[in-house]
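Here's the structure we're looking at; comments come further down.
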Amino acid sequence: MSAAKSFVARYTEGLSDTKLLPAFMHYEQRRKNNRATSAASHVDPGASMIAPSATFVDDVNASIRYMEGVIKLGSQSRAIYNYLTSLYASMEDEGPLFRFLSAHVPPATTAPTTSSPNMSTGGGGGGGGVADLLLKQANEERKSPLDKAYALRTILRTGRHFRSAVKLYMGFSGMRQQAVELALKVDPSLARELARQSEDKDETKRLWLMIARNAAANGGTSSRDGKDVVARVVMVLKDCGPDILSIEDVLPFLPDFAQIDQFKDEICDALASYSSKIEHYLKEMNECDQTCDALRGELSRLKTVGTQVRADARCAFTNKYVLEAGEPFYAFPSGYVVLGTALKKEVMPYLNEKQVGRVKFIENELARVRGRSRAGISSGRSSYEVAKDDYEMEELQVELDGLIAAECPLTGSVMVDSIDHGFSDDEEDEFI
Numbered sequence: 010m011s012a013a014k015s016f017v018a019r020y021t022e023g024l025s026d027t028k029l030l031p032a033f034m035h036y037e038q039r040r041k042n043n044r045a046t047s048a049a050s051h052v053d054p055g056a057s058m059i060a061p062s063a064t065f066v067d068d069v070n071a072s073i074r075y076m077e078g079v080i081k082l083g084s085q086s087r088a089i090y091n092y093l094t095s096l097y098a099s100m101e102d103e104g105p106l107f108r109f110l111s112a113h114v115p116p117a118t119t120a121p122t123t124s125s126p127n128m129s130t131g132g133g134g135g136g137g138g139v140a141d142l143l144l145k146q147a148n149e150e151r152k153s154p155l156d157k158a159y160a161l162r163t164i165l166r167t168g169r170h171f172r173s174a175v176k177l178y179m180g181f182s183g184m185r186q187q188a189v190e191l192a193l194k195v196d197p198s199l200a201r202e203l204a205r206q207s208e209d210k211d212e213t214k215r216l217w218l219m220i221a222r223n224a225a226a227n228g229g230t231s232s233r234d235g236k237d238v239v240a241r242v243v244m245v246l247k248d249c250g251p252d253i254l255s256i257e258d259v260l261p262f263l264p265d266f267a268q269i270d271q272f273k274d275e276i277c278d279a280l281a282s283y284s285s286k287i288e289h290y291l292k293e294m295n296e297c298d299q300t301c302d303a304l305r306g307e308l309s310r311l312k313t314v315g316t317q318v319r320a321d322a323r324c325a326f327t328n329k330y331v332l333e334a335g336e337p338f339y340a341f342p343s344g345y346v347v348l349g350t351a352l353k354k355e356v357m358p359y360l361n362e363k364q365v366g367r368v369k370f371i372e373n374e375l376a377r378v379r380g381r382s383r384a385g386i387s388s389g390r391s392s393y394e395v396a397k398d399d400y401e402m403e404e405l406q407v408e409l410d411g412l413i414a415a416e417c418p419l420t421g422s423v424m425v426d427s428i429d430h431g432f433s434d435d436e437e438d439e440f441i
C-alpha cells in the first residue's frame, strides 16, 4: 500500500503510469499464483510445490488504489482505465465497479425519431440524422479513456455484475433492448425503469411487451401459478399505462386456463376505451359527411354560376376589345377580363420552375393534339379517335387554366407579389 501511495505521489512529478502498468499486472498475476498455490496445499498437503516468497506482500487493494489515484490526478490512459475495470470485475463486490462506470459512462445520445426541416439528410431520405448521431458517438468513443466495448466483454465473461453490464449497455445507442433483456434476469424493476426512460413510442411498446412476456414466463403450470401469472401480467399493464399496452396485447402471454374474472377490470377498461374511440370516430365521420354535403352543394351551385361580359369589354392589360381580339380570354369574378396571351405574360414570372415547365409541356401537348385533330379531319378518322382527342384537349386546357388563371392577376397574390416591382417602360403596356 505504501509503495502504491508513493507511485501516485510521484505521478505529478513525471512518473509514467503506463510504464508502471506492466509491473502492476505482474504483481497481480503473482498474487493470483500464490493464492492458487495456497489453495492447492490445503487440498494436498503432501504435494511438492514452490512456497511463496517470505518478502512478498499480498495487498488486495494496492493496484486498485494506484489506478484510482492516477485517474483522479488526470490520467487519460485507456490502458489504465481498462485494467482498473478488469480488477473491479474480478472482485466479489459489484459496488466499486458500478460506481466507477456510473462516473465514466454517460447515457447514450438519443436517436432522432422525427424528421424536421433543419435535420441533415445527407444523400436523401431521413438517414442523415442517424449518420450524424453515429458520427458523434464515434467521436465521443475516441475521446473517452474508457473502452466500453472492452469493459462490457470483460464483465459478461465473469457471469456476474449484471447491473454494471446494464449500465454499459445504456452507454451505447440502440442497445436499450439488450439492457432490458439483461435487467430482466437480475432485477425486473430495473427493466421497467429502463423501459419508462425510452422516448420512442414503438421501442417503448416493444420493451414493455418483453417485460410482460417475461412476467408470464416465470410462472408454472398449476392453477395457483396460473393466477399468479395473470396477476403479474396485469401488474405490468398497470405499470406501463393504457397508452402503451392494452389487454389484447398481452392476451397471448396468459395461460389457456386463466379465468376471465382475474382480469375482468382490465377488459372492462379496454371496452370502455374502445367505446370512447368509436364515438370519437363516429363524430368525425358525421363531420366529414357534413363537409362533403356542403362541398357537393357548392359544386352544384357553381355549375349554374355564370359571368356576363359586355360587348365592349377590354383586356385589363392590353386595353384591346376581347371579343374582337380573336383569341381566348378569361373573365374573373372581380370583374376584370384578360386575354389569354396577356394573362400568361403577366403570370409566368410568378410561377415556380416546376409550374413553368408544366405550362410549356401542356402548350406543346395542346399544339400536338390540335395538329393531329386537324389532320385527322381530312384523313377520315373514326368518331372514337376524334372524341378521344377532344377529351385530351379539354383535360390539358383545364390544367393550363388552373396554372395561369387560378386567381385574378389584379386582385390576387400576383398583385401582392408584384408590389416591389418597378413600373414598365414598354409603351405597349401603357393604357391610352
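Here my numbering is used: the first residue of the sequence shown is 10, the next is one more, and so on.
Even for Gly, the Cβ is constructed at its ideal location relative to N, Cα and C.
Using the three-state DSSP reduction, which class does leucine 348 fall into: helix, strand or coil?
Correct three-state label for leucine 348: strand.
If you draw a straight line from the C-alpha of valine 245 to the C-alpha of glutamate 208, how long is it?
About 18 Å.
Tell me the rounded alpha-carbon separation between glutamate 336 and leucine 291.
Cα-Cα distance, rounded: 52 Å.
Alpha carbon to alpha carbon, what distance is there between histidine 170 and glutamate 3?
Outside the shown range of the chain (10 to 441) lies residue 3, about which nothing can therefore be said.
Roughly how many whole angstroms lie between the Cα atoms of threonine 163 and alanine 98?
Rounded to whole angstroms, threonine 163 to alanine 98 spans 7 Å at the Cα level.
Proximity below 8 Å, CB of proline 418 to CB of valine 356:
Going by C-beta atoms, proline 418 is nearer than 8 Å to valine 356.
Using only the alpha-carbon positions, how far apart do leucine 24 and serine 72 sit?
Roughly 16 Å separates the two Cα atoms.
Since isoleucine 413 and lysine 363 should fall inside the 8 Å C-beta cutoff, what is the C-beta to C-beta distance between them, to a whole number of angstroms?
Between the beta-carbon of isoleucine 413 and that of lysine 363 there is about 14 Å, and that puts the pair past the 8 Å contact cut.
Enumerated in chain order, which unbroken segments of the alpha helix (DSSP H) with a length of 4 residues or greater are wholly contained in the region 353–405?
Counting only runs of at least 4 residues, the region 353–405 fully encloses the following alpha helix (DSSP H) elements, listed from N- to C-terminal order: 362–388.
Which value, in whole angstroms, describes the spacing of the CA atoms of glutamate 372 and alanine 281?
In this structure, the alpha-carbon of glutamate 372 lies about 59 Å from that of alanine 281.
According to DSSP, is alanine 303 helix, strand or coil?
DSSP, read as helix, strand or coil, puts alanine 303 in helix.
Cβ neighbours of arginine 87 in the same chain (closer than 8 Å, five flanking residues each side left out)
Only Pro154, Leu155 and Asp156 meet the Cβ criterion.
Is the Cβ-Cβ distance between aspartate 398 and valine 378 less than 8 Å?
Yes. Within cutoff.
Can you tell which of Ala192, Gly168 and Thr327 has its C-alpha closest to the C-alpha of glutamate 466?
Not covered by the structure: residue 466. The range shown for the chain is 10 to 441.
Quick one: Cα of lysine 286 to Cα of phenylalanine 262, how far?
Rounded to the nearest angstrom, the two C-alpha atoms are 25 Å apart.
How about serine 264 and valine 238: are their beta carbons less than 8 Å apart?
Note on residue identity: the sequence assigns proline, not serine, to residue 264. Cβ distance < 8 Å, so proline 264 and valine 238 count as in contact.
What are the boundary residues of the beta strand (DSSP E) that includes phenylalanine 338?
Note, phenylalanine 338: beta strand (DSSP E), 338–340.
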